[in-house]
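Residue numbers (our numbering), protein chains in the order written: chain A, 706 to 996; chain B, 706 to 996; chain C, 706 to 996; chain D, 706 to 996; chain E, 706 to 996; chain F, 706 to 996. The beta-carbon is built from N, C-alpha and C at its ideal position, and this holds for glycine as well.
6 protein chains.
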Amino acid sequence: MESVLKLGIPKGSLETATVELFKKAGWQIGISSRSYFPTIDDDEIKCSLMRPQEMAKYVERGTIDVGIAGRDWVRENESDVFELCEMVYSKVSRRPARWVLVVNGDSKVQGPEDLRGATISTELVGFTKRYFAERNIPVNVEFSWGATEAKVVEGLCDAIVEVTETGSTIKANGLRIVSELMESVPVMIVNKAAWADPWRRAKIEQIATLLQSALRAEGMVGLKMNAPGDRVAAITEIIPSLNRPTVAHLHNSDWVSIESIMPEKEVRRIVPELLKLGAEGIVEYSLNKII
Amino acid sequence: MESVLKLGIPKGSLETATVELFKKAGWQIGISSRSYFPTIDDDEIKCSLMRPQEMAKYVERGTIDVGIAGRDWVRENESDVFELCEMVYSKVSRRPARWVLVVNGDSKVQGPEDLRGATISTELVGFTKRYFAERNIPVNVEFSWGATEAKVVEGLCDAIVEVTETGSTIKANGLRIVSELMESVPVMIVNKAAWADPWRRAKIEQIATLLQSALRAEGMVGLKMNAPGDRVAAITEIIPSLNRPTVAHLHNSDWVSIESIMPEKEVRRIVPELLKLGAEGIVEYSLNKII
Amino acid sequence: MESVLKLGIPKGSLETATVELFKKAGWQIGISSRSYFPTIDDDEIKCSLMRPQEMAKYVERGTIDVGIAGRDWVRENESDVFELCEMVYSKVSRRPARWVLVVNGDSKVQGPEDLRGATISTELVGFTKRYFAERNIPVNVEFSWGATEAKVVEGLCDAIVEVTETGSTIKANGLRIVSELMESVPVMIVNKAAWADPWRRAKIEQIATLLQSALRAEGMVGLKMNAPGDRVAAITEIIPSLNRPTVAHLHNSDWVSIESIMPEKEVRRIVPELLKLGAEGIVEYSLNKII
Amino acid sequence: MESVLKLGIPKGSLETATVELFKKAGWQIGISSRSYFPTIDDDEIKCSLMRPQEMAKYVERGTIDVGIAGRDWVRENESDVFELCEMVYSKVSRRPARWVLVVNGDSKVQGPEDLRGATISTELVGFTKRYFAERNIPVNVEFSWGATEAKVVEGLCDAIVEVTETGSTIKANGLRIVSELMESVPVMIVNKAAWADPWRRAKIEQIATLLQSALRAEGMVGLKMNAPGDRVAAITEIIPSLNRPTVAHLHNSDWVSIESIMPEKEVRRIVPELLKLGAEGIVEYSLNKII
Amino acid sequence: MESVLKLGIPKGSLETATVELFKKAGWQIGISSRSYFPTIDDDEIKCSLMRPQEMAKYVERGTIDVGIAGRDWVRENESDVFELCEMVYSKVSRRPARWVLVVNGDSKVQGPEDLRGATISTELVGFTKRYFAERNIPVNVEFSWGATEAKVVEGLCDAIVEVTETGSTIKANGLRIVSELMESVPVMIVNKAAWADPWRRAKIEQIATLLQSALRAEGMVGLKMNAPGDRVAAITEIIPSLNRPTVAHLHNSDWVSIESIMPEKEVRRIVPELLKLGAEGIVEYSLNKII
Amino acid sequence: MESVLKLGIPKGSLETATVELFKKAGWQIGISSRSYFPTIDDDEIKCSLMRPQEMAKYVERGTIDVGIAGRDWVRENESDVFELCEMVYSKVSRRPARWVLVVNGDSKVQGPEDLRGATISTELVGFTKRYFAERNIPVNVEFSWGATEAKVVEGLCDAIVEVTETGSTIKANGLRIVSELMESVPVMIVNKAAWADPWRRAKIEQIATLLQSALRAEGMVGLKMNAPGDRVAAITEIIPSLNRPTVAHLHNSDWVSIESIMPEKEVRRIVPELLKLGAEGIVEYSLNKII
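1) Decide yes or no for the touch test of the stretch 939–957 of chain E against the stretch 798–818 of chain E: beta carbon pairs closer than 8 Å, at least 3 of them.
2) Nearest to C:Ala-913 by CA position, among C:Val-771, C:Asn-809, C:Ala-761 and C:Lys-762, is which residue?
3) Nearest by alpha-carbon distance to E:Arg-766: which of F:Glu-985, F:Thr-853 and F:Cys-862 is it?
4) Can you list, in chain order, the residues of its chain with a C-beta nearer than 7 Å to that of A:Leu-829? Leave out the 5 residues immediately preceding and following it.
5) Could you pull out every unbroken beta strand (DSSP E) segment of at least 3 residues lying fully inside the stretch 836–915 of chain C, listed in chain order?
6) In chain A, which residues lie with their C-beta within 7 Å of the C-beta of B:Ala-855?
7) How many Å lie between F:Lys-751 and F:Thr-723 at the Cα?
8) Excluding the 5 residues preceding and the 5 following B:Glu-783 in the sequence, name in chain order all residues of the same chain whose CB lies nearer than 8 Å to its CB.
9) If you draw a straight line from the alpha carbon of A:Met-925 to that of A:Glu-969, how long is it in whole angstroms?
10) Using the three-state DSSP reduction, which class does D:Glu-781 fall into: helix, strand or coil?
11) Could you give the distance in angstroms between the alpha-carbon of A:Trp-960 and the alpha-carbon of F:His-956?
12) Check each candidate in E:Tyr-763, E:Val-844, E:Gly-860 and E:Pro-945 and name the one with the smallest Cα separation from E:Val-779.
13) Can you look up E:Val-771 in the DSSP assignment and give me helix, strand or coil?
14) Listed in chain order, which residues of the stretch 983–995 of chain C have Cβ atoms closer than 7 Å to some Cβ of chain B?
15) Across the stretch 725–743 of chain D and the stretch 977–993 of chain C, are there enough close Cβ pairs to call them in contact, namely three or more that are closer than 8 Å?
16) Please compile the residues from chain A whose C-beta is within a distance smaller than 8 Å of the C-beta of D:Ala-953.
17) So F:Glu-888 and F:Pro-801 are in contact, right, with Cβ under 8 Å, and what is the actual spacing, rounded?
18) Just by C-beta distance, which residues in the stretch 812–829 of chain C are closer than 8 Å to chain D?
19) Does the beta carbon of F:Val-866 sit closer than 9 Å to a beta carbon anywhere in chain E?
20) Could you tell me whether any Cβ in chain H is nearer than 9 Å to the Cβ of A:Lys-970?
21) Determine the direct distance from the alpha carbon of D:Asp-811 to that of D:Ala-898, and round the result to whole angstroms.
22) Answer yes or no: does any C-beta atom of chain C fall closer than 9 Å to that of B:Ala-939?
23) For B:Asn-809 versus B:Val-858, is the C-beta spacing smaller than 9 Å?
24) Quick one, which of D:Met-755, D:Gln-758 and D:Ala-730 has its alpha-carbon nearest D:Asp-747's?
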C-alpha cells in the first residue's frame with residue numbers, strides 16, 4: 706500500500722477557510738483555477754477539490770481517504786463513513802448552520818404536522834423526505850435548483866427546507882421559521898478501510914490534531930506579566946486555567962514572571978483585577994496553535 | 706379570467722440578455738435583488754424570476770402562462786408544454802449550446818456504445834438516462850452538483866455529459882468529445898390552457914412578435930444613398946432583399962433616394978459595387994426593430 | 706460685456722446625468738478630478754462645478770449666470786432667481802424626488818399637527834421651519850449631517866423630513882410616511898440680470914432648447930414603413946401624432962413610404978394594427994433629438 | 706438604573722479604524738448596512754452609529770453615555786461633555802488633522818487680520834465665527850456643503866477654513882495655508898451624569914484602558930534574547946525602558962534570557978550593539994496589547 | 706498565391722479602439738487572452754496581435770501584409786513600408802500624440818542646441834539620435850525602460866524625449882517642454898509586395914474604405930425635417946454640405962422632407978435658424994458609417 | 706560627505722514585496738503615485754524608485770549607493786557593482802526565476818547548438834548574445850518589446866529567451882523549454898565607492914542585517930512548552946536547533962519551560978513526539994525577525 710493519503714477539500718463556501726486552516730496548521734495548499742488537484746507541501750498527501758454535496762459519496766467509495774464537508778450533506782447521502790471530529794471554523798461562522806422549515810409570514814402552519822399533503826422545496830431532498838416519513842406526515846418533496854426562498858415567496862410551493870445562520874434573510878423576505886430540523890457543522894469524515902490501516906490512520910490523526918490546534922488558537926491569546934513573588938497564588942487564582950500558568954523567578958529579584966494562555970475575551974475582564982494585585986508590564990500576544 | 710399574463714424570466718445566464726431583449730422590444734423589466742417579482746411597465750404582464758431548470762415544470766402546471774428557458778431543460782423535464790418559438794439571442798452566443806459526451810483524452814472510448822457499465826456524471830440526468838436507454842446501453846448515471854469536468858479529470862467517473870459552446874474548455878482540460886447528444890437554444894414555452902385562451906394567446910403573440918423583431922434587428926442595418934434615376938434597377942439588383950428597397954424621387958431632379966435594410970456584413974461587400982454604379986452620399990444607420 | 710456665459714454644473718447625484726444630457730444636446734463637457742472648472746467645447750460658455758445646495762445662492766449673486774439644481778434646494782435657499790424650465794432627466798428617475806415627513810412605524814403621529822413640540826431632523830432646515838411655521842405648529846428643527854433615517858430609527862428625534870423616490874428604503878427601515886411636503890425635479894435657474902441681457906438670454910435659450918430636444922428624444926423612436934397608397938389615411942389615423950407623419954410616393958409605384966416619430970411604448974400597441982392595414986417593411990430606429 | 710452603557714461609534718472616516726481598535730482591545734463590533742445599531746459581544750454595551758458632527762450633541766443630552774469623535778466637532782458644537790482621553794489611531798494617520806485658513810496662491814493675505822470684511826467658506830461655521838470674533842476681525846462665514854477647496858479656487862469666496870493632514874492637496878490646487886487654527890485628534894467624550902454614576906464610570910474606564918492598551922501596542926514589539934549572565938547590566942542599559950526587562954536564569958547554565966518591550970523603530974538601532982555585547986538568539990515578536 | 710490577407714492588430718493602448726473601429730466598419734474581431742491570433746469573421750483575413758513598436762518591422766519583412774501602428778514607431782524603425790492612410794481614432798484622442806523634449810522646470814535649457822554633451826533618456830532611441838545628429842548636436846541617448854519622466858525629476862538624466870497629448874502630466878511633475886520633435890497618429894502601413902499584388906491591394910482598399918467610413922461617421926449626425934416647398938432653397942443654403950441634402954415631395958402636399966448629414970456640433974448652431982425658416986418636425990439621428 | 710544613503714527601490718514586480726520587507730525590517734516606506742521619491746522614516750536614507758533593468762547602471766555610476774534588483778538585469782548590464790547578498794523573498798516566489806530557451810512544441814531543436822543562424826527574440830539581448838557567442842553559435846538576437854512568447858507561437862522568430870518560474874505558461878502555449886540559461890534571484894547591489902566609505906558601509910550592513918532577519922523569520926515560528934525537568938535532554942534532542950532552546954526552571958516546581966525557534970513545517974512532525982515525551986501546554990507563535 707502506497708504512503709499517500711487522499712484528501713478531499715470542499716469546493717465552495719468552505720474552500721477558502723479550509724485552505725487558511727491548513728495554513729495555520731502548517732500545510733500550504735495551492736488552488737489553481739486551471740487544475741482540479743490542489744498542490745500541498747507534503748509528499749504524503751494528495752488533494753482533490755470536491756463539492757461538499759458529493760464528498761461523503763467519494764469517501765465511502767474510497768475514492769478519497771478523508772474529506773471535510775458539512776454534516777448536512779453527509780447525512781443527506783446516508784453514506785457509510787466514519788466521522789472523526791467536528792471542525793468549528795470560527796472565521797466562517799460563530800454559530801452552526803441550521804436547516805429550518807420555513808413558510809410564508811401569513812401562513813397558518815405552526816408545525817411540521819400542519820403540512821400534510823403540502824409541496825416542499827429543498828436542496829436536501831433525501832433528508833427532508835426521511836424527516837417527514839419518520840413522523841408519518843405525507844408530503845411532496847421537490848428538488849430546488851437554488852433561490853429556494855423565492856419559491857415560497859412566489860407561491861410555487863407551500864414550505865421550504867433551507868439553510869440559515871441568523872435567520873435574517875428569511876425575516877427580510879417576510880417568511881417565518883416553523884421549526885429547526887438539523888444543525889450542521891463541518892466534519893472530517895474518514896473512509897472505514899483507511900481508518901483500519903495503521904499508516905493512514907496515523908497520518909489522519911496528525912492532520913486532525915494540528916487542525917484542532919490551529920482552531921483552538923483562534924480567539925485565544927497569551928498574557929504575560931511580572932509580579933511580586935508573594936502575589937503568585939492570588940494572581941494564578943483569577944487566571945482562567947486552560948493550561949497551568951508558567952511562573953518563573955526573575956534574575957536577582959524576588960519577582961516572578963507569569964505567563965498564561967486564555968480566551969481573548971477574558972482579558973478585558975481580568976485586567977482591572979491584575980492591576981489591583983500589583984501585576985506590571987502586562988502584555989498580550991497572539992498564538993498560532995495550542996496543542 | 707383576469708387580464709394578466711404570468712411570464713417567467715430565466716434566472717442566471719440568460720437573465721441579463723432576456724431583460725435587454727425585452728427592452729429592445731419595448732418593455733422595461735426591473736430586477737431588484739430584494740424582490741423575486743421583477744417589475745414591468747405593462748399592466749397586462751406579471752413577471753416571476755425562475756431557474757431555467759424549473760421553468761417548464763411551472764409552465765406545465767400553469768403557475769405561469771409563458772416562460773423562456775433553454776430547450777435542454779425543457780426536454781430534461783419532459784414537461785407537457787407548447788414550444789412557441791426559438792429565441793436566438795445573438796448577444797449570448799453565436800452558436801447554440803451543445804450537450805456533449807466527454808471522456809478523458811487518453812480514453813479508448815469511441816462512441817456511446819463503448820460505455821456499457823460505465824459511470825456517467827451530468828446535471829442532465831433524465832435526458833442522459835433516456836439517451837442511453839433508447840440505445841440499449843446500460844450505464845450508471847449520477848447527478849453532478851457542478852464542476853462536472855473535474856470529475857472525469859479526477860477519475861471520479863468514466864464519462865460526463867456536459868454543455869459547451871466552442872469546446873475550448875474541454876480541450877484545455879485534456880478531455881475529448883465523443884459525440885454530440887443535443888443542441889439547445891432558448892425557447893419560449895407556453896402553457897396549453899393559456900394558449901387556448903384568446904386573450905392570453907393574443908398577448909403572447911404580441912410579445913413573441915416584438916421580441917422576434919428586436920432579435921431580427923441585431924446584425925441588420927439600414928443603408929441609404931442617392932443615385933441617378935437610371936441606375937435604380939442596377940442598384941436594387943445587388944442589394945440583398947430582406948424587404949423591397951424604398952425608392953423615392955428627389956425634388957427638382959432626376960435622381961432618386963434608395964433605402965434598404967440588410968445584414969451589416971453585406972455592407973462591406975456591396976459598397977465597392979455601389980460606388981461603381983454611381984451611388985453617392987451612402988450612409989449606414991442602426992435599427993431597433995424589424996417587424 | 707464679455708460674450709461668455711457662466712454655467713453651473715451640479716456636483717453629485719445629477720452630475721453624470723447632466724454631462725450626458727449636454728452630450729446628447731451637442732456639447733462635450735469634460736470633468737477632471739484635478740480641476741474645478743469642467744471643460745466645454747463652446748468658447749461662449751464657461752462651466753463651474755457646484756454643490757446643488759449652493760447653486761441658487763451663486764446664481765442669485767451673479768457668480769454664475771445659469772445653473773441646474775433640484776427645485777428643493779432652490780426653495781430651501783429662497784433665492785431670488787428666475788426658474789426657466791424643468792429638466793426631467795429620465796435616466797436619473799422616472800418620478801420626481803419627494804420630501805416626506807417620516808416617523809417610526811409604531812408612532813401615533815397621523816399628520817404634521819401631531820408633532821407640536823417635537824424634534825425634527827432634516828437636511829432641509831429652512832424649508833421645514835417655514836412649512837411648520839405656516840401651519841402654526843411649533844417644532845424644533847435640527848440640521849442633520851446625513852444618515853437622517855437612522856435618527857428616527859435610533860430614537861434621536863421624533864420625526865424626519867427626508868427625500869425619497871419610491872419610499873422603499875423608508876419601509877425597509879420600519880418607518881412610515883406621514884405626508885408629502887414637496888416634490889422636486891431638476892430646474893434650470895437664471896440670474897435675473899443675465900436674463901435681461903439680450904446676448905446671454907439668447908445663449909441660455911439655445912441651451913435650453915437643445916437640452917429639451919435631447920430629453921424629448923428619450924423614450925421616443927422613429928417608425929418607417931411602406932404601404933399601399935390607399936391606406937395612408939387609415940394608417941396615419943392610428944399613428945400617435947407628435948408631428949405629422951411624413952408620407953412620400955415611391956418610385957414607379959402606387960405605394961408610399963410613411964415615417965413618424967412616436968413614444969417607443971406605443972410601437973408595441975400599434976404594430977399588430979399596422980400589419981392588418983397592409984403595412985410592410987416596418988422598421989424602428991432611435992433618435993438623438995426631437996426639436 | 707440598567708447595566709447597559711450606550712456607546713456611540715463614529716460613522717465615516719473613523720468608522721473602520723474604530724471597529725478595528727475595539728477588536729484589538731477585545732470587543733467584536735459588527736456593522737451591518739441594514740441596521741443602525743452595530744452589534745457588540747458584550748451584554749453591558751449597546752452601540753449606535755452616529756455622525757461625528759453630531760456625537761457631542763447626543764453625549765451632552767445623554768442619548769448616549771460615551772462616544773468617540775474628532776475634537777474639532779466637539780469644539781464646533783461647544784457641547785458640555787467630559788473629554789476623557791485622546792485616541793491617537795496610528796492606522797488612520799501619523800499626524801493630527803489640522804484646520805487651516807487657506808487662500809488662493811496669489812492672494813495678498815498674510816494673516817487672519819487681512820481678512821476683514823471677507824467671505825469665508827467652511828464646514829466648521831461655529832468655530833470659525835468664534836475664532837474671528839475673539840480677534841475682533843469682522844468676517845462673513847458661510848456654511849460649505851463640501852468641496853470647500855473648490856470655492857476659493859473658483860473665486861466663490863475669499864478664504865476657506867478646511868481640514869488637512871499633510872497640506873498636499875491644498876498645494877496641488879495652487880492654494881496657500883495662511884495659518885493653522887486648530888489641531889484635532891479623536892477623543893473619547895463622556896456624558897457628565899454617566900461619569901458620576903459608579904457602574905457606568907467603571908465600565909467606561911475599562912473600555913478606555915483596553916483601547917489605550919491596544920493603541921500602545923501599535924508600533925511596539927517584544928524582543929527576546931539569551932546572553933551570558935555577566936552582560937545583563939550592559940544589555941539592560943541600552944534597552945529602551947518602557948517596562949523593566951524581564952531577566953530569567955537558564956537551566957543548568959550561567960546564561961540568562963532577557964525579554965523587553967520597545968518601539969519597533971528602536972530595534973534597528975540597538976541590534977548591532979546587542980550583537981557586540983554577546984547576545985544570541987535574538988528574536989522579535991508582535992504584541993496585541995500593552996497595559 | 707493564397708487569398709488570405711495577414712493583418713497586424715496593435716497590442717496595447719490602441720488595441721481596444723482598433724477592435725471597436727473594425728466592429729463599426731463591419732468586422733468582428735475576437736481577442737482571447739489565451740490566443741495570440743485574434744479571430745475575425747472574414748475568411749479572407751488572418752489577424753495577429755503585435756506590439757506597435759515591432760509592427761513596421763514585420764510589415765517590412767512581409768510577415769504580415771498590413772498593420773496599424775503609431776507613426777512614431779514606424780519612423781523609429783525606419784522600415785521600408787508603404788503608409789496608406791492615417792486613422793484618426795476620435796475615441797482615443799482628439800489630438801495627435803506629440804513627442805516632446807522635456808527638461809526640469811528650473812533647467813536653463815531653451816532649445817535642443819543647449820543640450821550639447823547631455824544625457825537624454827527616451828524609449829525612441831533611434832529617432833532621437835537622428836534628430837540630434839541632423840542638427841549636429843552631440844548628445845548621449847539612453848534607452849529608457851519606462852517611467853521616463855521620473856528620470857529627469859530624479860536627476861538621472863538631463864532631458865527626456867517623451868510622448869504626451871495635453872502636456873498636463875509633464876506640468877504636474879514640475880517639468881517643462883522645450884520643443885516638439887514629432888507628431889504621431891495611427892497609420893495603416895502596407896508591405897510593398899502586398900500592395901503590388903492585385904487581390905491583396907483590393908482587399909486592403911476595401912478595409913481602408915470601410916474603416917474611414919466608420920471614422921467619418923463619428924461626430925456626424927443625420928438631420929431630418931419637413932418644410933414648405935418654397936423654403937427649400939433658403940434651408941439648404943444654411944445646411945453644412947458634406948453631401949447634397951436629400952429633398953423629397955410629400956404626399957398630397959406642397960411640403961417637402963429635407964434630410965442631410967452634418968457634424969453634430971453644427972446642429973446647435975443652425976437649429977434656431979431652421980425654426981425661423983419654418984422647418985417642422987426636426988429630428989436628429991446617429992450614423993454608423995458615411996462612405 | 707553627507708550622512709545620507711541613496712537607496713534604489715525596484716519598480717514593478719518586486720515593488721510591493723520590497724516595501725513589505727522593509728516594513729518587517731523596521732522601516733516604513735511610503736510610495737505615492739504622485740512622487741518618484743518614496744518617503745522613508747529614517748533621516749539617513751533617501752529612496753528612489755527605479756526600473757530593475759536600470760538599477761545596476763545607476764548603482765555603478767553612483768547615482769545611488771545601493772539598490773535591489775534581479776540578478777538577471779545586473780548581469781545583462783555587466784555593471785561593475787558589488788553584490789552584497791541575495792534576498793530570497795518568499796512572498797514573491799518559492800523558486801528563483803529562470804531564463805530559459807524556448808521553441809515551438811513541434812520544433813526539432815534539442816539544444817542551443819541547433820539554433821545556428823536562427824532568430825531569437827528576448828528582452829535580455831546582451832546576456833543572450835554573450836551566451837551564444839561563448840559557445841560559438843552564430844544567431845540573430847532581436848529585442849522583444851514584450852509578449853515574447855507570442856513571437857515563437859506566431860512564427861515571428863525561431864526561439865525565445867524568456868523568464869519563467871514554473872514553466873506552466875510556456876507549456877500552456879504549446880511551447881517547449883530547450884534548456885535553462887540562468888537562474889535569477891533579487892540581489893542587493895552596492896556602489897564600490899560607497900562600500901569603501903565607513904559610514905555608508907555600516908549603514909548598508911545595518912539594512913542588510915535587518916532585511917535578512919525579517920526574511921529569516923518568514924516560515925519560522927516559536928514553540929513553547931512546559932515539561933518535567935528530567936525530560937529536558939530528550940526533548941531538546943528532537944527539537945530542530947536554529948538556536949539553542951531556552952530552558953528555564955518553573956517557580957516552586959521541578960518542571961521547566963522550554964522555548965525554541967524552528968521552521969513551521971517541523972512543528973507538524975515533532976508535535977506527536979513531544980506529546981509522547983510528556984510536554985504540556987505546547988503553543989506556537991509567530992516571529993517578526995530572527996537576527
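Taking the definition as stated:
1) no
2) C:Val-771
3) F:Cys-862
4) Asp-777, Glu-781, Trp-804 and Val-866
5) 845–848, 864–869, 880–889 and 891–895
6) Tyr-741 and Leu-754
7) 15 Å
8) Gly-831
9) 5 Å
10) helix
11) 11 Å
12) E:Tyr-763
13) strand
14) Glu-985, Gly-986, Ile-987, Val-988, Glu-989, Tyr-990 and Ser-991
15) no
16) Ala-953, His-954, Leu-955, His-956 and Ser-962
17) 5 Å
18) none
19) no
20) Structure shown: chain H not included; protein chains present are A, B, C, D, E and F.
21) 51 Å
22) no
23) yes
24) D:Ala-730
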